[in-house]
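*Asks:* Just so it is clear: in the sequence shown, position 114 is 116 by this note's numbering, and no numbers are missing.
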Amino acid sequence: MRGILTALALAAVSAAPAAAQTFRLETPARHLAIMDGATGILLHCDDCETPIPPASMSKLMTVLIVAERLQAGRITLDTRFRVSENAWRHGAMSDGSHMFLELNSEVSVRDLLQGLIIVSANDACLVLAEGVSGSEEAFAAEMNQRAQALGLRSARFRNTTGLPDPDHVISAADLARLARHLINTYPDLYRYYSQREFRYNNHTQENRNPLLGAFAGADGVKTGHTDDSGYGLVGSAVLDGQRRIIVFNGLRSMAERRSEASRLMATAFHDFGVSEVAAAGQQIGEAQVRLGSRRTVPLVAERAIIIGGQRGVQAGLNAHIVYNGPLPAPIREGDAVARLVVEGPGFQRQEFPLVAGRRIGRANWFARAGEGLRLTLFGPS
3 MRGILTALAL AAVSAAPAAA QTFRLETPAR HLAIMDGATG ILLHCDDCET PIPPASMSKL
63 MTVLIVAERL QAGRITLDTR FRVSENAWRH GAMSDGSHMF LELNSEVSVR DLLQGLIIVS
123 ANDACLVLAE GVSGSEEAFA AEMNQRAQAL GLRSARFRNT TGLPDPDHVI SAADLARLAR
183 HLINTYPDLY RYYSQREFRY NNHTQENRNP LLGAFAGADG VKTGHTDDSG YGLVGSAVLD
243 GQRRIIVFNG LRSMAERRSE ASRLMATAFH DFGVSEVAAA GQQIGEAQVR LGSRRTVPLV
303 AERAIIIGGQ RGVQAGLNAH IVYNGPLPAP IREGDAVARL VVEGPGFQRQ EFPLVAGRRI
363 GRANWFARAG EGLRLTLFGP S
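(1) Would you list the one or two residues that DSSP bridges to Gln207?
(2) Examine the Cβ distances between the stretch 193-203 and the stretch 74-83 and report whether three or more of them are shorter than 8 angstroms.
(3) Going by Cα to Cα distance, which pick from Gly98, Leu319 and Gly283 is closest to Leu356?
(4) For Glu278, which residues in the same chain have their Cβ closer than 6 angstroms to its Cβ, ignoring the five residues on either side in sequence?
(5) Is the beta carbon of Ala142 closer than 8 angstroms to that of Arg155?
(6) Helix, strand or coil: how does DSSP classify Gln150 here?
(7) Flag this pair as yes or no: are the beta carbons of Val65 and Leu115 separated by less than 8 angstroms?
(8) Please say whether Ile54 and Ala174 have beta carbons closer to each other than 8 angstroms?
(9) Report the rounded CA-to-CA distance for Glu51 versus Asp125, giving the unit in angstroms.
(10) Buried or exposed for Gly5, going by 16 or more other Cβ atoms inside 10 Å?
(11) Compare the Cα-Cα distances from Arg32 to each of Arg341, Asn251 and Pro300 and report the closest residue.
(12) Closest to Pro30 by C-alpha separation, out of Leu180, Ile67, Asp113 and Arg260, would be which residue?
(13) Just curious, the alpha helix (DSSP H) that Ser264 is in, first and last residue?
(14) Val121 and Ala89 - do their beta-carbons sit closer together than 8 angstroms?
(15) Measuring alpha carbon to alpha carbon, tell me which of Thr228, His227, Asp169 and Arg193 ends up nearest Ala239.
(16) Buried or exposed: Arg334, going by 16 or more other Cβ atoms within 10 Å of its Cβ?
(17) For Asp113, count neighbouring C-beta atoms within 10 Å of its own C-beta (all shown protein chains included) and say buried if the count is 16 or more, exposed if not.
(18) Quick check on His183: does DSSP put it in helix, strand or coil?
(19) For Phe102, which residues does DSSP report across the bridge?
(20) Since Tyr188 is in the beta strand (DSSP E), which residue starts that stretch and which ends it?
(21) Assign Gly363 to one of two classes, buried (16 or more other C-beta atoms within 10 Å of its C-beta) or exposed (fewer than that).
(22) Mark Pro330 as exposed unless 16 or more other C-beta atoms lie within 10 angstroms of its C-beta, in which case mark it buried.
(23) Scan the stretch 106-162 and note each continuous alpha helix (DSSP H) run of 4 residues or more that stays entirely inside, going in chain order.
(24) Taking the C-alpha atoms as reference points, what is the distance between Thr163 and Ser60?
(25) Let me see if you follow: with CB-CB separation under 8 angstroms, is Ile43 close to chain C or not?
(26) How far does the beta strand (DSSP E) with Arg82 in it extend, from its first residue to its last?
(27) Using DSSP bridges, identify the partner residues of Pro355.
(28) Quick check on this structure: which residue in Ser96, Gly232, Asp242 and Gly243 has the alpha carbon closest to the alpha carbon of Ala257?
(29) So, Gly215 versus Val302, is the Cβ gap smaller than 8 angstroms?
(30) Could you spell out where the alpha helix (DSSP H) holding Lys35 opens and where it closes?
(31) Note down, in chain order, each residue of its chain lying with its Cβ closer than 8 angstroms to the Cβ of His170, except the 5 sequence neighbours on either side.
(32) Can you look up Asn320 in the DSSP assignment and give me helix, strand or coil?
(33) Can you name, in chain order, every residue of its own chain whose Cβ lies under 8 angstroms from the Cβ of Gly62, other than the five neighbours on each side?
(34) Which same chain residues, not among the five before or five after Asn146, have their C-beta less than 6 angstroms away from its C-beta?
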């Protein structure tokens, strides 16, 4: 059964910014996600849920696995791992990014993480994978397990580096979700992403993130490139206390990635935002109750209802309450009994849980008997 929102709540929802997919930004990127860092709301999505080859952007998950080992106390930043022949041959001696690790040398987790994060070192990925999990294959299996646990449904990882593999994919939206989790959960490690250069083994290499130094407030996150996927970026910045995360892929050159990075990040702040349309605990509507001490129960927002999207665009949103009813008594205050559904043309459907705003006891025997007789004679109203 569908309930109707109060006029006040409807007005609030209608006044909110439009949400993801209201329009397509003019960009050469084939895939684009813009996310609000505080709420995790997708503000804009151009084919952002399609699994794509992420290249080195998938190293965010490599970092996450190591960060979790550090948090659990199973390793420390001073733990040292040996550079195996496999890691040396397929990392340091490959054509890909590397930090010039020497065969059989022992390297601290601190240096390996900086090499991985700042210069995208493939040899660092392999040494960490072997040191943490015994092999790259076992480490990749952990990456998939964590992706599933985090709800990153598009993610399938086959290696730690992001080197081309047809089964190594993740969507732009899930990359944004992964970046947000890493930023919020491991701020001490995340600071490495804003480090401009890294020196190891007499080689100084610069951070390839084109946002650093070019966009005020930029502090991460990760570039990626293969011939098949093109040039991509997971970027993040903080401006006036607000964080935006952008993910795009499929650009044709480093120069194009550089110009699009700053332009899209500026757009993310200037043209998109979030709006709270109902506070936690605010009554949104009511639902009918069957055989209760009251005929209706107030429905309140379990948490703040926040809508995000393009600023100043009215999307013709439709908001309605959905529940299976009438709701049978007794009902406890705080019981999850309904959902607020917000949808509209070009709008990513959003649902918010609604809970009972008060306790509703069962009706007395006479009232229940009368209601039972009415249902028998006339059926549900």
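Heads up, the beta-carbon is just placed ideally off N, CA and C, and yes, glycines get one too.
*Replies:* The structure says:
(1) Phe200
(2) no
(3) Gly283
(4) Ala306 and Ile308
(5) no
(6) helix
(7) yes
(8) yes
(9) 30 angstroms
(10) Confidence in Gly5 is poor, its pLDDT being 38 and thus under 50, which makes the residue's placement unreliable; the coordinate value appears in the next sentence. The residue is buried, with at least 16 neighbouring Cβ atoms inside 10 Å.
(11) Asn251
(12) Arg260
(13) Met256 to His272
(14) no
(15) Arg193
(16) exposed
(17) buried
(18) helix
(19) Per DSSP, none; premise fails for Phe102.
(20) Looking at the DSSP string, Tyr188 is not in any beta strand (DSSP E), and its letter there is neither H nor E.
(21) exposed
(22) exposed
(23) 111-121, 124-135 and 138-151
(24) 7 angstroms
(25) The structure shown contains no chain C; it is built from a single protein chain.
(26) Arg82 to Arg84
(27) Arg341
(28) Gly232
(29) no
(30) Before going on, a small fix: residue 35 reads as Ala here, not Lys. Careful: Ala35 lies outside any alpha helix (DSSP H), inside the beta strand (DSSP E) at His33 to Asp38.
(31) Pro55, Pro56, Ser60, Arg158, Phe159, Arg160, Asn161 and Gly164
(32) strand
(33) It is Leu, not Gly, that sits at residue 62 in the sequence shown. Here the set comprises Leu177, Leu180, Ala181, Leu184, Val223, Lys224 and Val236.
(34) Phe159
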